[in-house]
Amino acid sequence: MRHFTSIKQIGDLQKAMDLAFEVKKNPFADQHLGRNRTLLLIFFNNSLRTRLSTQKAALNLGMNVIVLDVNQGAWKLETERGVVMDGDKSEHLLEAIPVMGSYCDIIGVRSFARFESKKDDYEEVILNQFIKYSGRPVFSMEAATRHPLQTFADMITIEENKKCAKPKIVMSWAPHPKSLPQSVPNSFAEGINLTDYEFVITHPHGYELAPEFVGNARIEYNQDKALEGADFVYAKNWSAYSDPNYGKVINTDRSWTITTEKMALTNNAFFMHCLPVRRNMIVSDEVIESPQSLVIPEAANRVVSAQTVLREILRSL
Ligand code: CP
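So the sequence shown is numbered by this note's numbering: it starts at 21 and just counts up by one.
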């Protein structure tokens, strides 16, 4: 593996899972792989879990880590080619990227959807410039359309907790006051579509995701019906994908919040969310604090996910 921007690049899923469980069992077994190697993590957006778990994963592999928050302390970057740079942006990404590449062996990039152009977001303009101009292996720490390290951690968590071979997974939209990207639900759907699990996506009308991510999932607009018999409830808010509402909040219906009553419709399902989560918007206090909530082990598995991916990239150098 050279670049990792989609869960599809993980290769054989069972092999990847086996490797992840090996990494979890013996986190320091591959310290030699990262010796004298430098990882550069570039954040265009805020982060808690991705920032810490990816650094921890790299340290477990014996790597040195440099972190750059582009919007705090770096020159303001221009991303459009051909513009006359007479504004407040001092440096172009086209110089900045190869310079960054010259300081490291592997680059991780977080660059969310900007909601200025659906085409630019879905063509992953920023992430792809890093792949094109850095000369280094690049992995996504959440880009405009996908969050594959999160998805891999989610899938590891499901594998660890499932009670039958083909659990029913329900990904449910839930309300949120702000416009959030579709990257996490897109990516989760992409990952679950690699399995033979029963997969249902439920959301209000107008929140349909891009068909290439929905894949074989069944869409159910009635949340209560979708939740019936679920083994895992994966809650997430996302903004509208379809035109003319791309990137907009078109519904904040609180009847979609995951509550104890909603969970009672399931097969004693586990509750999952990638975090950060808005309590009593996305999920009630009672559900997130219940024994069925997997949010903390799910976040902890972000180290396993990042370390498994970094290990494979290091082996390819
Ligand atoms: N789930 C996740 O990516 O968390 P952060 O945004 O805090 O990194």
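Note that beta-carbon positions come from the ideal geometry of N, C-alpha and C, so glycine has one too.
These numbers were taken from a predicted model, which means no experiment stands behind them.
Residue i, enclosing beta strand (DSSP E) - first and last residue
| i | result |
| --- | --- |
| Ile278 | Run containing Ile278: none; DSSP gives neither H nor E here. |
| Arg335 | Arg335 -> not in any beta strand (DSSP E); alpha helix (DSSP H) instead, spanning 315–336. |
| Val253 | 252–256 |
| Glu240 | 238–240 |
| Lys188 | 188–193 |
| Phe48 | Segment: none, Phe48 is in no beta strand (DSSP E) and carries neither H nor E. |
| Phe290 | 290–292 |
For residue i, the first and last residue of its enclosing alpha helix (DSSP H)
| i | result |
| --- | --- |
| Phe172 | 168–181 |
| Phe150 | 145–153 |
| Val395 | The question about residue 395 has no answer here: the residues shown for the chain are numbered 21 through 337. |
| Asp121 | Looking at the sequence itself, residue 121 is Gly, so the reference to Asp does not match. Element bounds for Gly121: 113–121. |
Helix, strand or coil at residue i [DSSP, three-state]
| i | result |
| --- | --- |
| Asn66 | coil |
| Phe159 | strand |
| Thr215 | coil |
| Ile308 | helix |
| Met83 | coil |
| Lys245 | helix |
| Phe41 | helix |
| Thr74 | helix |
| Leu33 | helix |
| Gly128 | strand |
| Asp106 | coil |
| Ile221 | strand |
| Met283 | helix |
| Phe135 | coil |
| Asp263 | coil |
| Glu98 | strand |
| Val303 | strand |
| Asp140 | helix |
Nearest to residue i (by Cα), restricted to the options the options
| i | options | result |
| --- | --- | --- |
| Asp174 | Thr328, Pro317, Glu144 | Pro317 |
| Arg298 | Ala284, Ile278, Thr286 | Ile278 |
| Glu100 | Pro224, Thr280, Ser275, Gln149 | Gln149 |
| Asp141 | Gln202, Glu111, Gln75 | Gln202 |
| Ile117 | Lys109, Ser110, Asp108, Ile127 | Ile127 |
| Phe135 | Ser262, Ile302, Ala185, Ser310 | Ser262 |
| Arg69 | Asn321, Lys152, Glu332 | Asn321 |
| Ala260 | Asn288, Asn242, Glu228 | Glu228 |
| Val315 | Leu53, Phe290, Lys139 | Phe290 |
| Ile62 | Ile27, Val87, Lys188 | Val87 |
| Gln312 | Cys184, Ser199, Ala284 | Ala284 |
| Val234 | Val307, Phe208, Pro168, Leu247 | Phe208 |
| Val220 | Phe41, Ser199, Gln243 | Gln243 |
| Ala49 | Ser110, Gly249, Asn80 | Asn80 |
| Gly226 | Ile302, Asp273, Ala250, Leu114 | Asp273 |
| Phe132 | Gly267, Asp125, Tyr123, Arg55 | Gly267 |
Supposed close pair residue i, residue j - CB separation, criterion 8 Å
| i | j | result |
| --- | --- | --- |
| Leu147 | Val129 | 6 Å |
| Ala94 | Thr328 | Contact doesn't hold; Cβ gap of about 30 Å is too wide. |
| Asn181 | Asn213 | Their Cβ separation, rounded to whole angstroms, is 20 Å, which puts Asn181 and Asn213 out of contact at 8 Å. |
| Val158 | His23 | 5 Å |
| Val257 | Ala326 | In the sequence under discussion, the amino acid at residue 257 is Asn, which differs from the Val named in the question. Not a contact, Cβ separation roughly 24 Å. |
| Thr171 | Gly211 | 4 Å |
| Val190 | Thr222 | 6 Å |
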